[in-house]
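Down below is the structure, laid out as structure tokens.
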């Protein structure tokens, strides 16, 4: 198992990335890591050389770079080299905490799509509150627009991931809509409802509303990239604001607040832990020929280790290989 | 000032509705209320007959009714009669806590659109966290699909409301998008960006992300009805789940949790109050010839009173009259 790592991507690179790799290395001695980036900077955090190869490059994609242009022009960027390694078969998967748009472009243009999947979707496992399990949602923004046919594929892709990677037996699939009734929605969601209803490989449970997804309305939530992006960022923004507000309110209470917070330390800590979906790994650009994962930009070593754990399962279960095989078979039948 | 009230709409009708009217009546002795619904049930909660007229009807729209059909067939429903009163000029505004779709249909088909506004938008004032002020967002779901031209109108409508009703001097208008860069988005948002940039009556601040709206990214947030609906319900769902989770975590801590919660009573109460946007009133179907307001279905008397306060300002400032005049003038010029 070989994983290509963009060691220079994200706010805390390379420290958080390399430190996370070191943690995961202890857990998975069978993984070989290729770290792309500035050798002298990376070396500072490599505590054990075993199974580590550093491939030096000075160039990197920044968060300000225009995605497609960066991928085309910065041929020696750490992110581009990591994707190239996957393309050439020198690595089985890659991940980066850098520029999301650029990683999507690298995935599409360098690693490439599975035949039959026109629009890979960006997918994350998000927390179902109070249940210690998650649900998969896609597309979270790989596409600014989607057709009903894409949404159907997302149902298939999400089911595949939930079944293989998260071990959910018969994952339920819900279509995000502006009401639960069958007649609800835009032209795209109405058509997608029909297509998903007819698809035998998908355990479709109908329309669901964004209000209910954190309650576990479905194991897989299917939506277009524009709406998915807006919903994910709404959840993040709301959770962040409430936490901040609570903290400030507690501080305003002075000594009383300090004692109260101390007594509720476990309760408040549990809240934070519950909302932290980095424990499930990063966002997969699903529908590519190999796993390409986006780790959160402000990522910490633990989140990097979680991403490696996720990639390990993806490679171990060969979820992408199975997916490719199924779509190739469908392609032959048609 | 005459307000037509659907006394039978919502989960707690008619008690919550009539009790809320009674509260508002003390605050605004100049308002005459017309209460539509079952006379004997309404009477139970009328503590003072002054300025109250009950118009008896046995029929009502239920939450299960198909909206357009309900409005067409249930001619004697309390909601329909309230909208009819506005149409006939017997009332200046109406509100209901009942079936949202039916109220939208009643607004469009009975009260009618302002000439030049093709697609009225459903608009609420939502809280900016920690700032004791709000922002207006539309469309929250009156339409399942919108064109760029509709989004332009929402910018104009939202500015009008913020300026007149909320007294914001030069309200900033943001376009909800999947990134802040100008080049981002779907065909609709790209076109809307252009149109909003060119509109001199709108203080357009560009694209904003749903993550930032609760932080006050703009005074007016413009989006299509599908996305707006999904974002609003995400915010509600996340806030509700976090609150529930916090409550359960505190209960799990036993006596320690009880004491901690007691010490943090103000802080936790402030959190709830901060997120409660019913204090700003209900959702306006804005772009109609008269104010038509949807109050939350699970509404309490205080929220009904807040809605009446909101309608009072809308009538007092003649925001709808001014809006009509502006669009009529534009219509004449074109």
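Residue numbers (full-length UniProt numbering), protein chains in the order written: chain G, 1 to 334; chain F, 1 to 334.
Ideal Cβ placement from N, Cα and C applies to all residues, glycine included.
8 Å CB neighbourhood of residue i in its chain, flanking five on each side removed
{"i": "residue 214 of chain G", "result": "126, 127, 128, 129, 235"}
{"i": "residue 43 of chain G", "result": "54"}
{"i": "residue 10 of chain G", "result": "16, 17, 96, 97, 98, 295, 296, 297, 298, 299"}
{"i": "residue 320 of chain F", "result": "114, 288, 289, 290, 291, 314"}
{"i": "residue 25 of chain G", "result": "31, 33, 48, 50, 51, 52"}
{"i": "residue 276 of chain F", "result": "127"}
{"i": "residue 208 of chain G", "result": "174, 175, 176, 177, 180, 217, 218, 221"}
{"i": "residue 246 of chain F", "result": "268"}
{"i": "residue 317 of chain G", "result": "164, 165"}
Distance CB(residue i)-CB(residue j) smaller than 9 Å
{"i": "residue 156 of chain G", "j": "residue 310 of chain G", "result": "no"}
{"i": "residue 70 of chain G", "j": "residue 97 of chain G", "result": "no"}
{"i": "residue 290 of chain F", "j": "residue 220 of chain F", "result": "no"}
{"i": "residue 390 of chain F", "j": "residue 267 of chain G", "result": "The structure shown does not extend to residue 390 of chain F, since chain F is modelled only from 1 to 334, so the question has no answer here."}
{"i": "residue 303 of chain F", "j": "residue 37 of chain F", "result": "no"}
{"i": "residue 196 of chain G", "j": "residue 168 of chain G", "result": "no"}
{"i": "residue 27 of chain G", "j": "residue 261 of chain G", "result": "no"}
{"i": "residue 162 of chain F", "j": "residue 194 of chain F", "result": "no"}
{"i": "residue 271 of chain F", "j": "residue 243 of chain F", "result": "yes"}
{"i": "residue 188 of chain F", "j": "residue 229 of chain F", "result": "no"}
{"i": "residue 227 of chain G", "j": "residue 227 of chain F", "result": "yes"}
Between the CA atoms of residue j and residue i - distance to the nearest angstrom
{"i": "residue 284 of chain G", "j": "residue 216 of chain G", "result": "20 Å"}
{"i": "residue 39 of chain G", "j": "residue 238 of chain F", "result": "43 Å"}
{"i": "residue 181 of chain F", "j": "residue 241 of chain G", "result": "23 Å"}
{"i": "residue 91 of chain G", "j": "residue 99 of chain G", "result": "21 Å"}
{"i": "residue 68 of chain G", "j": "residue 52 of chain G", "result": "30 Å"}
{"i": "residue 78 of chain G", "j": "residue 57 of chain G", "result": "6 Å"}
{"i": "residue 258 of chain F", "j": "residue 252 of chain G", "result": "20 Å"}
{"i": "residue 72 of chain F", "j": "residue 59 of chain F", "result": "13 Å"}
{"i": "residue 143 of chain G", "j": "residue 105 of chain G", "result": "11 Å"}
{"i": "residue 49 of chain F", "j": "residue 34 of chain F", "result": "11 Å"}
{"i": "residue 12 of chain F", "j": "residue 301 of chain F", "result": "9 Å"}
{"i": "residue 151 of chain G", "j": "residue 280 of chain G", "result": "23 Å"}
{"i": "residue 41 of chain G", "j": "residue 14 of chain G", "result": "7 Å"}
{"i": "residue 8 of chain F", "j": "residue 218 of chain G", "result": "34 Å"}
{"i": "residue 46 of chain G", "j": "residue 201 of chain G", "result": "45 Å"}
{"i": "residue 75 of chain F", "j": "residue 89 of chain F", "result": "18 Å"}
{"i": "residue 255 of chain F", "j": "residue 254 of chain G", "result": "22 Å"}
{"i": "residue 190 of chain F", "j": "residue 224 of chain F", "result": "13 Å"}
{"i": "residue 352 of chain G", "j": "residue 62 of chain G", "result": "Any question about residue 352 of chain G goes unanswered here, given that chain G covers just 1 to 334."}
{"i": "residue 2 of chain G", "j": "residue 82 of chain G", "result": "11 Å"}
{"i": "residue 111 of chain G", "j": "residue 198 of chain G", "result": "31 Å"}
{"i": "residue 84 of chain F", "j": "residue 66 of chain G", "result": "55 Å"}
{"i": "residue 206 of chain G", "j": "residue 212 of chain G", "result": "13 Å"}
{"i": "residue 274 of chain F", "j": "residue 80 of chain F", "result": "34 Å"}
{"i": "residue 265 of chain G", "j": "residue 133 of chain F", "result": "31 Å"}
{"i": "residue 203 of chain F", "j": "residue 170 of chain F", "result": "7 Å"}
{"i": "residue 330 of chain G", "j": "residue 233 of chain F", "result": "37 Å"}
Own chain residues within Cβ distance below 6 Å of residue i, not counting five before or after
{"i": "residue 123 of chain G", "result": "136, 138, 284, 286"}
{"i": "residue 313 of chain G", "result": "165"}
{"i": "residue 107 of chain F", "result": "285, 288, 292"}
{"i": "residue 308 of chain G", "result": "24"}
{"i": "residue 22 of chain F", "result": "47"}
{"i": "residue 87 of chain G", "result": "110, 111"}
Beta-carbon proximity list for residue i, same chain, < 7 Å, skipping 5 on both sides
{"i": "residue 210 of chain G", "result": "176, 231"}
{"i": "residue 178 of chain F", "result": "184, 185"}
{"i": "residue 154 of chain G", "result": "121, 138, 139, 222"}
{"i": "residue 117 of chain F", "result": "153, 287, 327"}
{"i": "residue 131 of chain F", "result": "216"}
Which parts of the region 41-104 of chain G are runs of the alpha helix (DSSP H), unbroken and 4 residues or longer, counting only runs that do not cross its ends?
-> You should have 67-73, 78-87.
Could you give the uninterrupted runs of the beta strand (DSSP E) lying entirely in the region 264-306 of chain F, keeping only those of 3 residues or more?
-> 283-286, 292-294
Mind pulling the alpha helix (DSSP H) runs of 4 or more residues that sit fully within the region 149-230 of chain F?
-> Counting only runs of 4+ residues, the alpha helix (DSSP H) found wholly inside the region 149-230 of chain F occupies 187-198, in chain order.
Residues of the region 225-238 of chain F with a CB closer than 7 Å to any CB of chain G: list them in chain order, please.
-> 226, 227, 229, 230, 231, 233, 234, 235, 236, 237, 238
Mind listing which residues of the region 258-273 of chain F have their C-beta closer than 8 Å to chain G's C-betas, in chain order?
-> 259, 260, 261, 262, 263, 264, 266, 267, 268, 270, 271
Along the region 192-219 of chain G, what residues have a CB closer than 8 Å to any CB found in chain F?
-> 209, 210, 211, 212, 213, 214, 215
Report the residues of the region 117-147 of chain F with a CB closer than 7 Å to any CB of chain G, ordered along the chain.
-> Within the region 117-147 of chain F, those residues whose Cβ lies closer than 7 Å to any Cβ of chain G are, in chain order, 129, 130, 141, 144, 145.
What are the residues of the region 157-186 of chain F that lie near chain G, defined by any Cβ-Cβ distance shorter than 7 Å?
-> 176, 178, 185, 186
Which of the residues in the region 59-70 of chain F, read from start to end, lie with their CB under 9 Å from any CB of chain G?
-> Under the 9 Å Cβ criterion, the region 59-70 of chain F contributes 66.
Please list the residues of the region 92-104 of chain F that have a C-beta atom closer than 7 Å to any C-beta atom in chain G, keeping them in chain order.
-> none
For the region 44-56 of chain F, which residues have a beta carbon sitting closer than 7 Å to at least one beta carbon of chain G?
-> Within the region 44-56 of chain F, no residue has a Cβ that lies closer than 7 Å to any Cβ of chain G.
Quick one, which residues of the region 246-258 of chain G are near chain F if we go by CB-CB under 8 Å, in chain order?
-> Under the 8 Å Cβ criterion, the region 246-258 of chain G contributes 246, 248, 249, 250, 252, 253, 256, 257.
Taking only beta carbons into account, state which residues of the region 2-33 of chain G come closer than 9 Å to chain F, listed in chain order.
-> none
In chain order, which continuous runs of the beta strand (DSSP E) of length 3 or greater are located wholly inside the region 102-144 of chain F?
-> Entirely contained in the region 102-144 of chain F, the beta strand (DSSP E) runs reaching 3 residues are, in chain order, 121-128, 133-138.
Of all the residues that make up the region 308-320 of chain F, which are near chain G by a beta-carbon distance shorter than 9 Å?
-> From the region 308-320 of chain F, no residue has a Cβ closer than 9 Å to chain G.
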